[in-house]
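Chemist: Sequence positions in the sequence shown follow the numbering used here and run 80 to 401.
We treat Cβ as the ideally placed atom computed from N, Cα and C, and that holds for glycine.
Since we're looking at a predicted model, the values are computed, not measured.
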Amino acid sequence: MQKTRFVKDLKEGEPVRDLFLVANKALLTSNAGKPYLTLQLRDRTGQIEARVWDRAEEIGKRFDRDDVVEVGGTAIAYQGRVQLKVHDVRKEEGGTKDLSGYLPVTKKGIEPLWKTLQEYIGGVKDKDLARLLAAVFPDPPETDVARRFRQAPGGKSMHHDYIGGLLEHTVSVAGICRMLSAHYEGVDADLLLAGALLHDIGKVHELSYEGAFDYTDEGRLLGHLYMGTEYVSRVCADLPGFPPEKIMLVKHIILSHHGELEFGSPKRPKTLEAILLHHVENMDAKVTAFGDAIAELREGARWTDYQRMFERYLFSGKFPKE
């Protein structure tokens, strides 16, 4: 079966029979004591909630998470969003191994973003930081970390959750930091840029993205802040004569970029560069998440669903035309 319908095109009331990637699957029990399946189905255009109310246990045995399945059902409206009421699910015959058509990808292009990142590195005047960045982001990207960095999402679901999202987020943060370095006095521009490019490097191994996005065991147990600082330490150890003070300052930026202890930072920002990076990183993540939430609004809707990242509903800013 060839895929012809995509999540972004599904409209209330329409019958649906097409292929989707199973991003999540859970067998639950209703208040009436009847089992039902709750699914998250996705393709490269987005993700949609789905429910199987009849024969849930039987149908649930046919497939697993990360399988590509043929889904038959109806698109319905539920709490202001389109959802699928599913009556049949079957695993695709032969098993699709190439999931590229089912995972979202940055709209800005991986190659153009990589080129911009390399241009930023080329402008670094500090020879030690330039060596570090060239080792982490070699061009061409011939190391495992560099290759994974170009593919990794920026997160599982909160922001930049698509292939190339980490690269897009990093380049955006670095570009803003370059502007702030010219705006504020006393900023070490090269240190701030290095921190911007390296702050999320631990995500290349914190997240898995060969199928539906999720956390690795290492990612859940250690987290990308710790993993990133450990990786940078190993790279610097292989660079002869790398000044320990610079290693310390870069690692502090990585460790503190979430800003507060309750948000997962082992340390709070204590240098000008770390303070700037924290606010820029947070701003870029939230502006992107806001845009994604507004983009998912149904035609005519002005308010989003409750957004966990913001802990509030968001307003599109659009009023009805008179």
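1) Looking only at C-alpha atoms, which of K235, I242, D167, E309 sits nearest to G188?
2) Terminal residues of the continuous beta strand (DSSP E) containing Q230?
3) On the DSSP bridge assignment, give the partners of Q386 in chain order.
4) Which class does V283 belong to by DSSP, given the choice of helix, strand or coil?
5) Considering only residues of the same chain and omitting the five flanking positions on each side of I354, which have a CB-CB separation below 8 Å?
6) Report the start-end ranges of each alpha helix (DSSP H) in the stretch 191-266 that is 4 residues or longer and not cut off at the edges.
7) Say whether chain B places a C-beta atom closer than 8 Å to the C-beta of D267.
8) For L351, which of F99, D371, G274 has the nearest alpha-carbon?
9) Taking its Cβ as the centre, do 16 or more other Cβ atoms sit within 10 Å of S109, making it buried, or is it exposed?
10) Within the chosen definition, does the stretch 281-290 reach the stretch 384-393 through at least 3 CB pairs nearer than 8 Å?
11) Could you please give me the residues that DSSP links to L116 through a beta bridge?
12) Identify the continuous alpha helix (DSSP H) that holds R169 and give its terminal residues.
13) Going by DSSP, name the residue or residues bridged to E352.
14) Provide the residue span of the beta strand (DSSP E) that contains A111, from first to last.
15) Terminal residues of the continuous beta strand (DSSP E) containing Y157?
16) Name the one or two DSSP bridge partners that K310 has.
17) Find out if the Cβ-Cβ distance for the pair D296, D205 is shorter than 8 Å.
18) From the DSSP secondary-structure annotation, give me the bridge partner or partners of Y288.
19) Beta-carbon within less than 7 Å of D207's beta-carbon, same chain only, minus the 5 sequence neighbours each way: which residues are those?
20) Comparing alpha-carbon positions, which option in K282, I127, L271, Y310 lies nearest R299?
21) Short of 8 Å in beta carbon distance, which residues of its chain neighbour P217, apart from the five on each side in sequence? Order them along the chain.
22) For R123, which of helix, strand or coil comes out of DSSP?
23) How is the alpha helix (DSSP H) around K82 delimited, first residue to last?
24) So, for P220: in the same chain, excluding its five sequence neighbours on each side, which residues have a beta-carbon less than 8 Å away from its beta-carbon?
25) Among E149, V86, T153, which residue has its Cα nearest to the Cα of E375?
Modeler: Let me lay it out:
1) I242
2) Not the beta strand (DSSP E): Q230 falls in the alpha helix (DSSP H), residues 223-230.
3) R391
4) helix
5) P348
6) 206-215, 223-230, 244-262
7) No chain B is present in this structure, which holds just one protein chain.
8) G274
9) exposed
10) no
11) L106, V131
12) Taken as a continuous stretch (DSSP letters only), R169 belongs to no alpha helix (DSSP H), being part of the beta strand (DSSP E) at 160-170.
13) For E352, which the question treats as bridged, DSSP gives no partner whatsoever.
14) Unbroken run through A111: none, as it is neither H nor E.
15) 147-157
16) The sequence shown places Tyr at residue 310, not Lys. Y310 pairs with nothing; no bridge assigned.
17) no
18) According to DSSP, which records beta bridges pairwise, Y288 is partnered with nothing at all.
19) F321, P322, K325
20) K282
21) A225
22) coil
23) Segment: none, K82 is in no alpha helix (DSSP H) and carries neither H nor E.
24) W193, R226, F228, R229
25) V86
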